[in-house]
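Below is one structure; the comments refer to it alone.
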Amino acid sequence: MIELIRELFRRREYEYSLHALNQSILRRISTREIEEAVESGEIIEEYPADKYGPSCLIFGFTTDRRPLHIQCTYPERNPVKVITLYQPDPEQWIEFRRRRLNEM
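As numbered in my numbering, residues 93 to 196 make up the sequence shown, in order.
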């Protein structure tokens with residue numbers, strides 16, 4: 093699945109949700125960084141029942157080693173839609189791949 097998503101990103105067959113566009117501006121995440129993170133990325137979570145349709149969370153690094161999470165729809169939807177994106181908080185993620193359990 094990740095290879096198909098990468099190919100669609102290489103061909104620029106993706107679009108941003110309004111939320112993702114706003115988040116990219118607020119968090120200063122460029123299109124180039126998103127494409128780099130997807131190119132180096134791996135799927136770390138899947139959301140088959142997401143309200144936008146089946147989607148997944150991709151974790152990858154930019155060429156400057158900035159970790160990013162990008163949630164996008166599966167490639168069955170063309171173009172792929174970027175739902176949200178952010179730099180993961182190390183206090184909430186183990187090696188940016190697994191959610192930390194709330195320890196209360």
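Note that the Cβ used here is the ideal one computed from N, Cα and C, for glycine as well. Bear in mind the structure is a predicted one, so any value in this text is a computation, not a measurement.
Cross-strand partners of residue i (DSSP beta bridge)
| i | result |
| --- | --- |
| Ile186 | Arg190 |
| Ser147 | Tyr139 and Thr165 |
| Thr176 | Gln163 |
| Phe153 | Pro159 |
Among the options, nearest to residue i - alpha-carbon criterion
| i | options | result |
| --- | --- | --- |
| Tyr178 | Glu134, Arg103 and Leu118 | Leu118 |
| Glu168 | Phe188, Tyr144, Arg190 and Phe153 | Tyr144 |
| His111 | Pro182, Thr176, Gln184 and Pro140 | Thr176 |
Simplified DSSP assignment, three categories, for residue i
| i | result |
| --- | --- |
| Glu107 | strand |
| Ser132 | helix |
| Thr165 | strand |
| Thr123 | helix |
| Asn170 | coil |
Proximal residues to residue i (C-beta, below 8 Å), its chain only, five neighbours per side dropped
| i | result |
| --- | --- |
| Ile94 | Gly133, Glu134, Ile135 and Ile150 |
For residue j and residue i, the rounded distance between their alpha carbons
| i | j | result |
| --- | --- | --- |
| Arg124 | Ile186 | 25 Å |
| Pro180 | Ile126 | 13 Å |
| Leu96 | Ala129 | 15 Å |
| Leu100 | Phe153 | 18 Å |
| Lys173 | Arg120 | 19 Å |
| Tyr106 | Arg189 | 23 Å |
| Ser116 | Cys164 | 14 Å |
| Pro182 | Ile162 | 16 Å |
Any C-beta of chain C under 9 Å from that of residue i
| i | result |
| --- | --- |
| Leu193 | This model lacks chain C altogether; it includes just one protein chain. |
Proximal residues to residue i (C-beta, below 6 Å), its chain only, five neighbours per side dropped
| i | result |
| --- | --- |
| Thr155 | Glu128 |
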